């Protein structure tokens with residue numbers, strides 16, 4: 001741990017650049033979180049959604065979400081046919097990260113603008129697979145993506161993230177499910193669960209529509225190309241835990257053990273990895289730092305000084 005606390009700033013910046021898709025680690029959409037609007041956004045500052053999405057457990061949750069979402073053939077077709085994820089997986093990751101953090105930490109004005117941008121992108125994602133039509137704007141398909149995402153991020157927070165019970169009480173998972181639903185509603189879906197129990201039931205109801213995830217897709221998600229040696233080792237630890245956090249309703253199709261099927265060692269490894277990374281990176285991501293500055297809750301991000309200069 002002592003080594004990680006003295007991690008060179010260049011290494012920290014490299015990690016943030018990788019995740020954000022911008023060499024500076026603070027692309028324009030992160031800076032907009034600080035500069036667009038003046039008040040709180042869709043979610044309470046330092047509330048449950050902030051704490052879940054500001055935790056490094058999202059790195060594990062993201063892998064688990066992709067494994068689960070790919071079990072729906074129509075959702076999988078949309079990704080395979082309308083994105084360059086194989087040619088540039090990190091650009092795809094940055095695009096997902098943008099929606100997540102802007103919706104979470106941005107002002108209401110910025111979050112609404114971001115949801116409009118995503119709705120516009122969804123309009124172009126449509127087609128047919130094995131005779132079945134699909135559209136990224138379909139409320140039913142949007143609901144599926146949201147459910148699998150929410151379940152994965154909640155499971156990751158509970159397994160490898162900071163314990164939120166002392167701060168928010170035992171009912172915080174229900175609060176997260178209920179509050180994060182607002183983001184999906186703004187994209188055009190409805191009939192969303194308001195508790196962790198309802199979330200599990202909603203996912204299970206999709207079973208007749210699911211199909212096995214292709215081996216090539218599962219291999220890609222668990223071991224994406226373009227990683228350096230150290231990155232491969234680190235990512236392997238995250239993916240190992242993610243495979244044991246996928247909902248039991250989806251795990252069979254995803255080709256992974258899922259929750260409740262062992263994985264104690266893999267989860268412990270990922271938890272230790274994230275604890276060390278947290279020491280290296282600090283308590284707040286650049287996106288949260290930007291939001292805290294906008295709200296008068298924290299100091300100005302480093303990039304504001306660069307801009308002034």
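Residue numbers (this note's numbering): 1 to 309. Where a beta carbon is used, it is the ideal one built from N, C-alpha and C, also for glycine. Since the model is a prediction, treat every value here as computed from it, not as a measurement.
Taking the C-beta atoms as reference points, residue 115 is found no nearer than 8 Å to residue 37.
The segment 164 to 173 and the segment 96 to 112 do not touch, with fewer than 3 CB-CB distances between them shorter than 8 Å. With fewer than 16 other Cβ atoms from the protein chains shown falling within 10 Å of its own Cβ, residue 124 counts as exposed.
Looking only at 194, 70 and 159, the smallest Cα-Cα distance to residue 263 is reached by 159. Pairing residue 42 with residue 182, the inter-Cα distance amounts to about 8 Å. Taking C-beta atoms under 8 Å as the contact rule, residue 48 and residue 172 qualify, at a distance of about 5 Å. Under the DSSP definition of a beta bridge, residue 299 lacks any partner. A contact is defined here as three or more CB-CB pairs under 8 Å, and the segment 49 to 64 fails this definition with respect to the segment 121 to 135. With a cutoff of 8 Å on beta-carbon distance, residue 240 and residue 270 are scored as near each other. When DSSP assignments are scanned along the segment 200 to 249, the uninterrupted stretches of alpha helix (DSSP H) that are 4 or more residues long and fall wholly within it turn out to be 215 to 222 and 229 to 242. For residue 287, the uninterrupted alpha helix (DSSP H) run begins and ends at 286 to 294, by DSSP. In this chain, the beta strand (DSSP E) harbouring residue 126 covers 126 to 129. The DSSP-derived three-state label of residue 135 is strand. In the structure shown, residue 43 adopts coil according to DSSP, grouped into three states. Per the coordinates, the alpha-carbon of residue 250 lies some 8 Å from the alpha-carbon of residue 210. Exclusion of the five residues before and after residue 256 leaves 67, 243 and 246 as the residues of its chain whose Cβ lies within less than 7 Å of its Cβ. Contact between residue 286 and residue 30 holds: CB atoms are separated by about 5 Å, below the 8 Å threshold. Three or more Cβ pairs closer than 8 Å define a contact, and the segment 190 to 197 falls short of that threshold against the segment 219 to 237. Within the model, the alpha-carbon separation for residue 217 versus residue 278 is close to 29 Å. Between the alpha carbons of residue 177 and residue 144 lies a gap of roughly 14 Å. In the three-state reduction of the DSSP assignment, residue 123 falls in the coil class, being assigned neither a helical nor a strand state. Counting the other Cβ atoms within 10 Å of the Cβ of residue 28 gives fewer than 16, which makes it exposed. Annotation for residue 235: 227 place their beta carbon closer than 7 Å to its own, counting only its chain and skipping 5 residues before and after. Here residue 122 really is in contact with residue 136; their C-beta atoms are around 4 Å apart, less than 8 Å.
In this structure, the CA atom of residue 148 is about 13 Å from the CA atom of residue 198.
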